[in-house]
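Residue numbers (my numbering): 520 to 598.
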C-alpha cells in the first residue's frame, strides 16, 4: 500500500517561507498572489495490506515524527 501525508502549518501560525515565496512572486510580476502557505508531502510505501491498519500506523507516525502537531496539521491518503 502507498500512503501520502500532507503536512501544513495550522491556521494562525505565521509562515515565513510562504511569505518569502509570495514576495518573490510579486517581484517576478505575479502580483495577483495574495497569500502563500507552504507545506510538505511525504509518500510512504507500506507493507500493510489492511487499509484501516495502514491508516492507523501512518497516523501514529505523524503524531510521533512526521508532523509537529503543536503547529502543524496533517491529512492522510491511503491507496
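Heads up, the beta-carbon is just placed ideally off N, CA and C, and yes, glycines get one too.
These numbers come from a predicted model, not from an experiment.
How is the alpha helix (DSSP H) around residue 544 delimited, first residue to last? Looking up residue 544 in the chain shown gives position 25. Looking at the DSSP string, the run of the alpha helix (DSSP H) that includes residue 544 is 535-546.
Since I believe residue 591 is in contact with residue 528 (beta carbons under 8 Å), could you give me their beta-carbon distance rounded to a whole number of angstroms? Numbered from 1 along the chain shown, position 9 holds the residue referred to as residue 528. Numbered from 1 along the chain shown, position 72 holds the residue referred to as residue 591. Indeed they touch by this definition, with Cβ atoms about 6 Å apart.
DSSP state of residue 478, grouped into three classes? Nothing about residue 478 can be reported from this structure: the residues present for the chain run from 520 to 598 only.
Within the continuous alpha helix (DSSP H) that includes residue 529, where are the two ends? Counting from one through the chain shown, the residue named residue 529 turns up at place 10. Residue 529 -> no alpha helix (DSSP H), and no H or E assigned at all.
C-alpha gap between residue 555 and residue 541, whole angstroms: For the purposes of this step, residue 555 is identified with residue 36 of the chain shown, where counting begins at 1. For the purposes of this step, residue 541 is identified with residue 22 of the chain shown, where counting begins at 1. Between residue 555 and residue 541, the C-alpha separation is close to 6 Å.
Identified DSSP bridge partners for residue 568: For the purposes of this step, residue 568 is identified with residue 49 of the chain shown, where counting begins at 1. Answer is none; residue 568 lacks a bridge partner.
Cα separation between residue 585 and residue 558? Position 66 of the chain shown, counted from the first residue, corresponds to residue 585. Position 39 of the chain shown, counted from the first residue, corresponds to residue 558. Rounded to whole angstroms, residue 585 to residue 558 spans 12 Å at the Cα level.
Which two residues bound the contiguous beta strand (DSSP E) that contains residue 597? If you number the chain shown from 1, residue 597 lands on position 78. Run containing residue 597: 591-597, per the beta strand (DSSP E) assignment.
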